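Residue 78 in numbering that gives the first Met the number 0 sits at position 79 of the sequence shown, with consecutive numbering throughout.
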Amino acid sequence: MPNERRIFVTEQRKYNVLFLCTHNSARSILAEAALNALAGDRFVAYSAGSHPGKAPNPHGIELLRSQNISVEGLRSKSWDEFAVDGAPRIDFIFTVCDDAAGEVCPIWPGHPAKAHWGVPDPSQVEGSDEEMRRAFLKTFVQLKKRIELFTSLSLDKLDGMAVQKALQNIGTSLRERGE
Numbered sequence: 000m001p002n003e004r005r006i007f008v009t010e011q012r013k014y015n016v017l018f019l020c021t022h023n024s025a026r027s028i029l030a031e032a033a034l035n036a037l038a039g040d041r042f043v044a045y046s047a048g049s050h051p052g053k054a055p056n057p058h059g060i061e062l063l064r065s066q067n068i069s070v071e072g073l074r075s076k077s078w079d080e081f082a083v084d085g086a087p088r089i090d091f092i093f094t095v096c097d098d099a100a101g102e103v104c105p106i107w108p109g110h111p112a113k114a115h116w117g118v119p120d121p122s123q124v125e126g127s128d129e130e131m132r133r134a135f136l137k138t139f140v141q142l143k144k145r146i147e148l149f150t151s152l153s154l155d156k157l158d159g160m161a162v163q164k165a166l167q168n169i170g171t172s173l174r175e176r177g178e
């Protein structure tokens with residue numbers, strides 16, 4: 000029929016994102032949970048560490064629950080889980096601690112885009128429970144701002160180099176502003 004309108008629907012795939020931190024107990028866990036909560040329709044977030052702790056930090060879990068973000072399935076895990084056959088193909092890797100950024104990482108299949116988004120470690124704050132809660136909230140807010148900027152990028156319209164530069168700029172521009 001000449002007046003027939005065809006509608007083409009392209010299925011948008013989800014991008015896999017890996018947040019790395021040495022112990023995978025605080026910052027990377029917060030980032031994993033935040034991205035899954037904010038943009039789980041477009042991204043699947045994971046977290047891992049080079050020397051994972053035994054479990055996520057209880058202050059981080061408490062904060063996520065206070066933000067109505069699911070903590071189901073969150074656990075501290077080794078980054079080796081993501082460098083083996085059968086692991087999810089990672090599209091983006093963000094290091095959120097300076098130690099992890101300086102470590103020799105595994106070879107990631109698919110050559111994901113990488114950026115360093117260093118934020119202070121809230122678990123290193125010494126003080127009362129209230130001071131710990133404030134430190135975790137401050138770190139969470141910093142990560143959430145970066146994640147919101149990341150999820151606003153039109154990734155399908157950027158080439159590899161432009162994506163890489165945009166990801167790194169998110170981490171450095173907010174760090175320079177103290178966010």
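Every residue gets a Cβ at the ideal spot worked out from N, C-alpha and C, and that includes glycine. No experiment lies behind these values; they were computed from the predicted model shown.
- [ ] Put Ser-65 into one of helix, strand or coil per three-state DSSP.
- [x] Here residue 65 refers to the residue found at position 66 of the sequence shown. Note: Ser-65 maps to helix in three-state DSSP.
- [ ] Could you tell me which residues DSSP puts in a beta bridge with Ala-47?
- [x] Position 48 of the sequence shown holds residue 47. According to the DSSP secondary-structure assignment, Ala-47 is paired through a beta bridge with Leu-19.
| message | Let me check understanding here. Comparing Cα to Cα, which of Ser-122, Ile-169, Thr-150, Leu-62 lies closest to Val-16? | response | Within the sequence shown, residue 16 is the residue found at index 17, counting from 1. Comparing Cα positions, the closest option is Thr-150.
By the three-class DSSP mapping on this structure, what secondary structure does His-58 have? Here residue 58 is taken as the residue at index 59 of the sequence shown, counted from 1. Here His-58 sits in helix by DSSP.
Margin query: Judging by CA-CA distance, which residue of Leu-34, Phe-93, Val-140, Ala-165 is the nearest neighbour of Thr-21?
Written below: Locating residue 21 in the sequence shown gives position 22, where the first residue counts as 1. Residue Phe-93 holds the alpha-carbon nearest to the alpha-carbon of Thr-21 among Leu-34, Phe-93, Val-140, Ala-165.
* Count the other C-beta atoms from every protein chain shown that fall within 10 angstroms of the C-beta of Arg-88, then say buried if there are 16 or more, exposed otherwise. => Translated into positions along the sequence shown, residue 88 becomes position 89. Result: exposed.
- Task: Over the uninterrupted beta strand (DSSP E) stretch that includes Ala-25, give me the two end residues.
- Result: Within the sequence shown, numbered from 1, the residue matching residue 25 stands at position 26. No beta strand (DSSP E) contains Ala-25, which DSSP labels as neither H nor E.
Original post:
Using a Cβ-Cβ cut-off of 8 Å (strictly less than) and excluding sequence neighbours within five positions of Arg-132, which residues of its own chain qualify?
Top reply: Residue 132 sits at position 133 when you count from the first residue of the sequence shown. His-58, Glu-61, Leu-62, listed in sequence order.
Problem set entry | Limits of the unbroken alpha helix (DSSP H) element including Phe-149 | Sequence index remark: in the sequence shown, residue 149 carries index 150 (1-based). Taken as a continuous stretch (DSSP letters only), the alpha helix (DSSP H) holding Phe-149 covers 128 to 151.
What first and last residue would you give for the beta strand (DSSP E) that runs through His-115? Here residue 115 refers to the residue found at position 116 when the sequence shown is read from its first residue. Run containing His-115: 112 to 115, per the beta strand (DSSP E) assignment.
What first and last residue would you give for the beta strand (DSSP E) that runs through Phe-91?
The sequence position of residue 91 within the sequence shown is 92, counting from 1. Its beta strand (DSSP E) spans residues 91 to 94.
* Own chain residues within Cβ distance below 8 Å of Gly-246, not counting five before or after -> Lying before the first or after the last residue shown, residue 246 is absent from the chain, which here runs from 0 to 178.
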